[in-house]
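A short write-up of the structure that comes next.
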Amino acid sequence: MVLKDLLKSVFTIFAVSIVVVACGDSEKPASIEQKVVETKEPNPFPFYKSIEIKPGYYFEVLSWGKGVDSIGGFLILMSDSLKNNYKSISVERAGIITDAWNMDLDNDGNPEIYIQTLVRKNVADVNVYEFNNDFNKISFPGISTMKGYQGDDKFFVKNGDLFRSVPTVQTDSGKTTTLVKTLKYRLSGNSFSSSEVKPGE
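Structure below.
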């Protein structure tokens with residue numbers, strides 16, 4: 001009998017505990033799920049390119065500017081981690097940077113950084129900076145006065161030389177044709193010169 005009463009008491013305590021716990025759970029406020037919304041800032045550098053000259057020695061070219069995308073500035077950052085040497089130059093730009101590359105067109109051992117821009121809808125231009133302990137701007141010849149030039153010119157590098165293909169519109173006896181001229185550039189004494197490449201050369 002005592003054992004029976006003891007079991008009843010244990011069962012009663014257990015049942016009461018379950019009811020208390022259940023009531024306690026029902027009183028807890030419902031959990032609120034919070035969603036974290038990540039906002040991405042617009043890329044402040046519309047153009048970025050890293051140009052490695054050799055291990056530990058490289059140039060970075062980046063453009064910036066808010067508002068009109070053809071107006072702003074660009075940076076050239078030089079890093080030579082082996083010599084702990086770091087230099088930079090900041091330049092205003094008029095045009096959209098479309099490409100950048102390095103050459104040593106005059107074979108003097110100093111790299112030149114070429115920065116190609118689209119100055120108008122279909123007109124390309126190049127900014128050139130040679131680096132020899134500091135940045136030195138080299139003027140690049142224009143072609144806007146070339147007869148029949150209407151844009152759509154393109155730069156390309158072939159066998160270590162720099163070329164530019166230039167479509168020109170020719171009108172003869174009322175007939176209009178488009179001829180593509182190819183210019184080859186040379187660099188000597190920080191001065192560019194160009195010559196037309198004849199077909200077959």
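The numbering of the sequence shown is our numbering, which starts it at 1 and goes up by one. The beta-carbon is built from N, C-alpha and C at its ideal position, and this holds for glycine as well. Note that the structure is predicted; figures quoted are calculated from it, not measured.
Along the beta strand (DSSP E) that carries residue i, what are the first and last residues, could you check?
| i | result |
| --- | --- |
| Ser139 | Premise fails: Ser139 is in no beta strand (DSSP E) and is neither H nor E. |
| Pro167 | 161 to 172 |
| Ser88 | 85 to 94 |
| Phe74 | 71 to 80 |
| Lys66 | Per DSSP, Lys66 belongs to no beta strand (DSSP E) and is neither H nor E. |
| Phe156 | 154 to 158 |
Tell me whether residue i sits in a helix, a strand or coil according to DSSP, three-state version.
| i | result |
| --- | --- |
| Gln116 | strand |
| Met146 | coil |
| Ser195 | strand |
| Val123 | strand |
| Phe11 | Because Phe11 carries a pLDDT of 48, less than 50, the predicted location of this residue cannot be relied on, and the following value inherits that uncertainty. Phe11: helix per DSSP, three-state reduction. |
| Leu105 | coil |
| Phe131 | strand |
| Lys219 | Residue numbering for the chain in the displayed model covers 1 to 201; residue 219 lies beyond these limits and cannot be assessed. |
| Phe45 | coil |
Mind checking residue i: buried by the 16 CB within 10 Å criterion, or exposed?
| i | result |
| --- | --- |
| Val180 | exposed |
| Pro199 | exposed |
| Met146 | exposed |
| Glu130 | buried |
| Ala94 | exposed |
| Val128 | buried |
| Ser63 | buried |
| Glu92 | exposed |
| Ile61 | Correcting the residue identity first, residue 61 is Val in this sequence and not Ile. Buried, since its Cβ has 16 or more Cβ neighbours within 10 Å. |
| Gly72 | buried |
| Val157 | exposed |
| Val68 | exposed |
Could you tell me the distance, in whole angstroms, from the CA atom of residue i to the CA atom of residue j?
| i | j | result |
| --- | --- | --- |
| Thr168 | Val197 | 14 angstroms |
| Ile53 | Asn102 | 8 angstroms |
| Ala100 | Ser195 | 23 angstroms |
| Lys66 | Ile115 | 20 angstroms |
| Asp104 | Gly174 | 45 angstroms |
| Tyr86 | Thr178 | 47 angstroms |
| Ile97 | Asn84 | 29 angstroms |
| Ile51 | Ile89 | 15 angstroms |
| Gly142 | Phe155 | 13 angstroms |
| Arg186 | Asn122 | 24 angstroms |
| Val126 | Ile138 | 10 angstroms |
| Gly56 | Pro111 | 15 angstroms |
| Asp106 | Phe74 | 25 angstroms |
| Pro44 | Ser188 | 37 angstroms |
| Leu183 | Phe192 | 12 angstroms |
| Lys49 | Thr176 | 40 angstroms |
When every heavy atom of the ligand COA is checked, does at least one fall within less than 8 angstroms of the C-beta of residue i?
| i | result |
| --- | --- |
| Ile51 | As presented, the structure is devoid of all ligands, the ligand COA included, so that no description of it is given. |
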